[in-house]
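To start, the structure under review is shown below, and the notes come after it.
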Amino acid sequence: FFQTYGFVTGPSRISDKLSGAMASGQEKIDILIWAKFPAEAFHMELYQTLGAIRGELDGAVRLGRVKPQDIKFLSRKYWIEKIDLAPPEKS
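The numbers in this note's numbering rise by one with no breaks, and the one at position 67 of the sequence shown is 67.
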């Protein structure tokens, strides 16, 4: 059930800005991930396998250098609320 639910609802969790970045052919993208509840060890381990955790911003986990196919994979998780393109990091 959860797998089917994720395939059907996953694309709606990806913002339009992020969809555009994914379609542009970028190999790795910095993203913001909002979950439906606070992340636990399991969630953080999954994030770390997909990219580099770069902190938090506005209640979201900032994940750097994520492949577009991994963004699609994350969007299918029932506990993901939304995923957006991260703003450029300040130096």
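Ideal Cβ positions, reconstructed from N, Cα and C, are used throughout, including at glycine.
Those residues which DSSP pairs with residue i across a bridge
| i | result |
| --- | --- |
| D84 | L32 |
| I14 | I83 |
Of the listed residues the options, nearest to residue i (C-alpha basis)
| i | options | result |
| --- | --- | --- |
| K58 | S24, W34, I71 | Residue identity check: residue 58 is Asp in the sequence provided, not Lys. With distances taken between Cα atoms, D58 lies closest to W34. |
| L63 | Q69, D70, I71, R54 | R54 |
| K95 | E89, P88, F73 | Nothing about residue 95 can be read from this structure; the chain reaches only from 1 to 91. |
Burial state of residue i, where buried means 16 or more other Cβ atoms lie within 10 Å
| i | result |
| --- | --- |
| Y78 | exposed |
| P68 | buried |
| D16 | exposed |
Runs of beta strand (DSSP E) wholly within the segment 18-69 (minimum 3 residues, chain order): 29-35, 52-57, 60-66
The segment 39-51 contacting the segment 14-26, beta-carbon criterion three pairs below 8 Å: no
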